[in-house]
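Worksheet for the structure shown next.
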Amino acid sequence: MIFIQFLNGLSTAMLLFLLASGLTLIFGVLRVINFAHGSLYMLGAYFTYSIATLSGNYWLSLVVAPLCVAVAAAIIELLFLRRLYAREHEFQLLLLFGFVLVLDDVVKACWGTALKLVPKPAALDGSVQILGRTFPEYTVLIIVLGPLVALGLWYALARTRIGKQIVAASLDRDAANALGMNVPFLYTTVFVFGAWLGGLGGAVAAPLRAASPGMGMEIVIMSFAVVIIGGLGSIWGAFLGSILIGEVLAFGTLVVPKFVVVLPFAFMILVFLWRPQGLFGKGGV
Amino acid sequence: MPILETKNLSKSFGALQAVSNVSLQMEEGSLTSVIGPNGAGKTTLFNLISGRYVPNSGAVLLKGENIAGLPPHVLVRKGMGRSFQITNIFPELTVLTNVCVALTASSGRSYDCLHALKSSREILGEASAIVESVGLSEYTEYRGSALSHGDRKLLEFAMVLAMKPIIMLLDEPTAGMNQEETNNTVRLIREISRERNITVLLTEHDIDLVFSISDRIAVLNQGRLIAEGTPAEIRANDLVKKAYLGEDE
Amino acid sequence: MSDPKHQPAQKLVFVAIAILLVIYPLVLPRFYSALAIEILIMSLFALSFNLMFGYAGMLSFGQAMFFGIGAYTAGLFLKYISSSLALAMFACVTASFLAAVLIGFVCVRFTRTYFIMLTVAFSELIYAIGHKWASLTGGDDGLVGIPIPRYAIAHLPTIDLENIQTYYYFTLIVVALGALVLRIIVNSRFGHVLRAIRDNRERAEFLGLNVRRHLLLSFAIAGLFAGLAGALLIPFEGMVSLETLHFSRSADPIIMSILGGTRFFLGPVVGSALFILIKDTIQNFAEFWMLWMGAIFVGTVLFLPGGVVGFVGSLGLFRSRHATTEEKEG
Chain A
1 MIFIQFLNGL STAMLLFLLA SGLTLIFGVL RVINFAHGSL YMLGAYFTYS
51 IATLSGNYWL SLVVAPLCVA VAAAIIELLF LRRLYAREHE FQLLLLFGFV
101 LVLDDVVKAC WGTALKLVPK PAALDGSVQI LGRTFPEYTV LIIVLGPLVA
151 LGLWYALART RIGKQIVAAS LDRDAANALG MNVPFLYTTV FVFGAWLGGL
201 GGAVAAPLRA ASPGMGMEIV IMSFAVVIIG GLGSIWGAFL GSILIGEVLA
251 FGTLVVPKFV VVLPFAFMIL VFLWRPQGLF GKGGV
Chain B
286 MPILETKNLS KSFGALQAVS NVSLQMEEGS LTSVIGPNGA GKTTLFNLIS
336 GRYVPNSGAV LLKGENIAGL PPHVLVRKGM GRSFQITNIF PELTVLTNVC
386 VALTASSGRS YDCLHALKSS REILGEASAI VESVGLSEYT EYRGSALSHG
436 DRKLLEFAMV LAMKPIIMLL DEPTAGMNQE ETNNTVRLIR EISRERNITV
486 LLTEHDIDLV FSISDRIAVL NQGRLIAEGT PAEIRANDLV KKAYLGEDE
Chain C
535 MSDPKHQPAQ KLVFVAIAIL LVIYPLVLPR FYSALAIEIL IMSLFALSFN
585 LMFGYAGMLS FGQAMFFGIG AYTAGLFLKY ISSSLALAMF ACVTASFLAA
635 VLIGFVCVRF TRTYFIMLTV AFSELIYAIG HKWASLTGGD DGLVGIPIPR
685 YAIAHLPTID LENIQTYYYF TLIVVALGAL VLRIIVNSRF GHVLRAIRDN
735 RERAEFLGLN VRRHLLLSFA IAGLFAGLAG ALLIPFEGMV SLETLHFSRS
785 ADPIIMSILG GTRFFLGPVV GSALFILIKD TIQNFAEFWM LWMGAIFVGT
835 VLFLPGGVVG FVGSLGLFRS RHATTEEKEG
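Residue numbers (our numbering), protein chains in the order written: chain A, 1 to 285; chain B, 286 to 534; chain C, 535 to 864.
Given below as structure tokens:
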């Protein structure tokens with residue numbers, strides 16, 4: 001029973017990680033918390049619903065939906081966010097927040113307010129036996145996907161040319177500029193890539209949690225907690241932070257079911273008080 | 286007893302030793318200049334004395350009390366005022382308001398939620414007087430951001446004066462100024478500091494200026510104090526000539 | 535400091551508006567009074583937020599927590615302790631002020647992004663507590679059964695807040711007083727110190743100011759007035775709903791202040807009026823009004839950094855002198 005709950009926690013953790021990694025990546029380079037991240041996640045889920053329903057193929061939607069979200073993010077960054085880089089930091093945040101307001105209603109207008117169920121892919125519709133108990137196959141996918149994405153991210157950042165540029169730009173924007181890196185291009189790339197991760201999270205979450213208008217808000221605030229605990233700008237921190245929060249939520253449901261939602265925020269505040277830059281963060285507070 | 290003293294002050298940033306083992310004394314009312322090539326550690330020294338950095342070792346004594354590591358606002362309350370290399374004013378507030386805020390801060394009435402700032406004749410009067418003393422009267426209603434570079438430095442100086450300091454740290458007060466502005470500023474610094482018996486510690490790149498106004502000169506090179514004395518002593522010092530002045534000639 | 539040439543004109547405008555506000559409910563149907571009450575309450579909420587944001591530079595995404603704490607405190611007081619309106623309001627402002635001091639103490643230690651995150655975290659925490667502590671707050675159903683104050687003082691007419699006209703005048707007086715107090719604070723020495731801190735925090739520190747303490751005081755004052763605004767909402771529905779603590783409530787004063795203009799004292803008031811009027815109008819045509827409001831908000835952020843008031847001002851109606859003077863305060 002404990003182990004099953006542990007696995008449940010892991011699946012929540014990996015979903016959180018998909019969002020948190022994008023958030024922390026965007027913050028690391030653009031130095032802005034993407035308030036709209038939850039909305040992008042939500043869009044990922046809704047696109048998945050539409051594509052899966054139209055094509056009958058979940059796997060297709062898993063590939064296409066995050067790309068659609070990436071396109072939406074590109075539009076947001078190129079047409080809107082970019083104009084505010086010269087202005088005070090707060091305006092970028094407010095702009096992204098404005099998009100949350102718009103997107104949440106756009107989704108209601110296009111898809112309605114009712115829950116949209118997304119059927120699990122046939123291949124993973126069953127369950128496996130773990131330690132004598134049944135466990136959904138689909139959840140296993142999520143648990144496996146998380147570390148794969150983490151590894152992929154690590155590889156992309158450490159080994160590819162653009163990855164290294166991204167890391168450099170997150171450490172020192174001005175130096176990156178001086179060294180001839182195309183910083184605006186990097187910004188767009190990072191924002192779009194982070195959004196893609198969020199969209200992927202939505203696509204993966206859709207069969208599990210269904211697509212609903214409030215889903216973005218619920219999970220994004222949780223991901224903020226993860227990112228703060230892990231340290232803004234640190235992928236590794238986001239990974240560990242996700243696991244921590246995922247397990248806290250899983251076991252918290254067993255121990256203090258009534259107040260389980262409070263726990264991530266309590267943790268976040270405690271971490272803030274003890275070590276403001278989080279477990280692995282670098283930025284100054 | 287010297288009013289300000291540093292004892293074996295050191296600060297490193299990782300592998301870089303920015304300031305090592307600097308010991309200086311400043312007598313009350315004197316004007317000391319700190320000079321040295323770029324990267325010698327002058328600004329770091331200032332930051333250590335004014336509370337922006339915490340030293341790795343050593344002490345900073347203000348009237349005998351060790352103030353090393355105390356936060357800036359506490360030091361200001363103890364009478365230390367400072368200006369910055371990159372001028373630090375309130376760009377969106379008017380010149381007069383800049384000085385009014387400085388006066389409010391030094392008067393200790395900054396939590397006063399009831400009395401309108403602009404109707405206090407007392408503050409307005411004192412602020413106007415300070416603004417006039419630095420020669421910015423015609424710009425009283427201009428926003429800080431609208432001032433020229435030289436005038437901004439004057440405004441910052443006015444704000445330092447409004448703090449009623451007993452010691453002023455001026456980081457390159459004439460940087461970027463033309464000759465006329467420089468002369469004007471220097472005259473102001475001398476007059477006002479003499480008048481109010483304020484101790485001055487400043488850094489400068491203009492060597493002639495330094496020699497003409499300083500009571501004492503301290504020379505830094507690569508974080509170390511290589512010489513300290515009257516202008517005449519420094520002029521005759523071989524070490525200094527080699528490290529610094531020699532490069533100019 | 536107004537340009538002397540414009541002062542008599544501005545005074546006339548104020549007097550005209552004041553007269554309008556007073557005769558308003560007497561000449562218009564009930565619905566408009568309700569609308570005006572909503573605008574007044576939100577104005578106070580937005581004004582309190584703007585003290586922190588427009589003047590001190592702190593962007594809080596969690597003001598709903600104080601709005602809700604004020605509302606619930608007043609509601610609980612009226613329901614269980616005493617039907618005295620004055621005492622209930624006293625309890626309400628005390629509770630929100632104290633809560634703001636405690637929460638603000640933690641929050642002001644951090645700047646910008648981290649500050650914002652903390653306000654969100656505390657706000658979610660308080661919402662969760664409000665949600666789960668159903669025995670106290672009524673949970674999802676809200677705090678119901680609050681006796682609406684009917685207050686009789688000696689020979690004066692009874693203040694019966696169930697009567698919409700009385701409710702309107704009561705709200706008008708409280709909000710006007712609140713706005714007046716905030717205006718005094720904003721123009722005080724403290725107010726200018728806040729502006730200086732927003733402008734250049736480091737310089738403020740090097741003037742000897744304990745920046746954190748000043749920010750804490752402004753945080754606490756903002757919380758106090760947010761709580762007061764929350765309490766004023768009670769007679770509207772006769773209850774306190776959980777929604778007062780919800781994150782979306784935190785968004786309201788932000789949108790309103792930005793819309794109206796954060797650098798002008800009355801900006802948030804204009805913003806509140808616009809917000810509620812636009813919302814009402816759109817709701818007549820479309821189901822999803824937030825879509826349009828969000829778009830307007832995005833547009834304002836992008837193209838009207840000074841909000842509507844700033845935009846109108848730049849058209850030369852209130853402008854005096856040259857561009858180098860300080861912003862004209864409303």
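Note that the Cβ used here is the ideal one computed from N, Cα and C, for glycine as well.
- Nearest C-alpha to I288 (chain B) among B:I451, B:G343, B:E407 and B:I498: B:I451.
- Within the same chain, F595 and G596 come within 6 Å of V654 (chain C) by CB-CB distance, once the 5 residues on both sides are set aside.
- Taking a C-beta cut-off of 9 Å against chain C, the contacting residues of the segment 382 to 401 of chain B are T382, N383, C385, V386, A387, T389, A390, S391, S392, G393, R394, S395, Y396, D397, C398, L399, H400 and A401, listed in chain order.
- The Cβ atoms of S242 (chain A) and A13 (chain A) sit closer than 8 Å to each other.
- Under DSSP, I452 (chain B) forms a beta bridge with B:M365 and B:T484.
- By the C-beta density criterion, T484 (chain B) is buried, having at least 16 other C-beta atoms within 10 angstroms.
- For P563 (chain C), the closest of C:L581, C:D814, C:Q699 and C:M592 by C-alpha to C-alpha distance is C:Q699.
- Taking one beta carbon from each stretch, the segment 767 to 786 of chain C and the segment 674 to 682 of chain C have 3 or more pairs nearer than 8 Å; the two touch.
- Distance from the Cα of R31 (chain A) is smallest, within the candidate group A:V204, A:L249, A:A52 and A:V167, for A:V167.
- S21 (chain A) is positioned such that its CB atom lies no closer than 8 Å to that of L131 (chain A).
- Under the rule that a run must span 3 or more residues, the beta strand (DSSP E) segments found entirely inside the segment 326 to 405 of chain B read 342 to 347 and 365 to 368.
- By alpha-carbon distance to R337 (chain B), the top candidate from B:H358, B:V471, B:L432 and B:L505 is B:H358.
- Looking at the DSSP output, I502 (chain B) sits in a beta bridge with B:S318 and B:G514.
- From the beta-carbon of S582 (chain C), no residue of chain B is found nearer than 8 Å; the closest lies around 14 Å away.
- Counting the other Cβ atoms within 10 Å of the Cβ of R472 (chain B) gives fewer than 16, which makes it exposed.
- At a Cβ-Cβ threshold of 8 Å, V102 (chain A) and G828 (chain C) count as neighbours.
- In terms of beta-carbon proximity, A266 (chain A) lines the interface with chain C, with at least one pair separated by less than 8 Å.
- Counting other Cβ atoms within 10 Å of its Cβ, Q92 (chain A) reaches 16 or more and is therefore classed as buried.
- Counting only the Cα atoms, A633 (chain C) lies some 14 Å from G664 (chain C).
- Residues of the segment 45 to 79 of chain A with a C-beta atom less than 8 Å from some C-beta of chain C do not occur.
- For G828 (chain C), a Cβ of chain A is located within less than 8 Å of the residue's own Cβ.
- Between W111 (chain A) and the set A:L84, A:S234, A:F280 and A:A210, the nearest pair of CA atoms involves A:A210.
- When beta bridges are read from the DSSP output, L309 (chain B) appears opposite B:T291.
- Chain C places a beta carbon closer than 8 Å to that of H358 (chain B), counting this residue as a contact.
- DSSP places P683 (chain C) outside both helix and strand once states are collapsed to three, so it counts as coil.
- When DSSP assignments are scanned along the segment 68 to 139 of chain A, the uninterrupted stretches of beta strand (DSSP E) that are 3 or more residues long and fall wholly within it turn out to be 127 to 130 and 133 to 136.
- Within 9 Å of the CB of A730 (chain C), no CB atom of chain A is found; the nearest one sits about 16 Å away.
- Straight-line measurement puts the Cα of L487 (chain B) at about 11 Å from the Cα of D500 (chain B).
- At a beta-carbon threshold of 7 Å, the residues of chain B lying near R737 (chain C) are N373, I374 and F375, ordered along the chain.
- Taking 8 Å as the cut-off, the Cβ atoms of L197 (chain A) and I229 (chain A) do not count as close.
- Taking the Cα of I477 (chain B) as reference, the smallest distance to any Cα among B:E489, B:M453, B:L494 and B:Q464 is reached at B:M453.
- Under a criterion of Cβ atoms nearer than 8 Å, the residues of chain A adjacent to M824 (chain C) are, in order, L101, V102, D104 and D105.
- Note on A158 (chain A): under 16 other CB atoms within 10 angstroms of its CB, so exposed under the neighbour-count rule.
- In the displayed model, D491 (chain B) falls within coil according to three-state DSSP, outside both helix and strand.
- Taking a cut-off of 8 Å for Cβ pairs, the segment 735 to 745 of chain C and the segment 366 to 373 of chain B touch, as three or more such pairs fall below it.
- A Cβ of chain A is located within less than 8 Å of the beta carbon of E658 (chain C).
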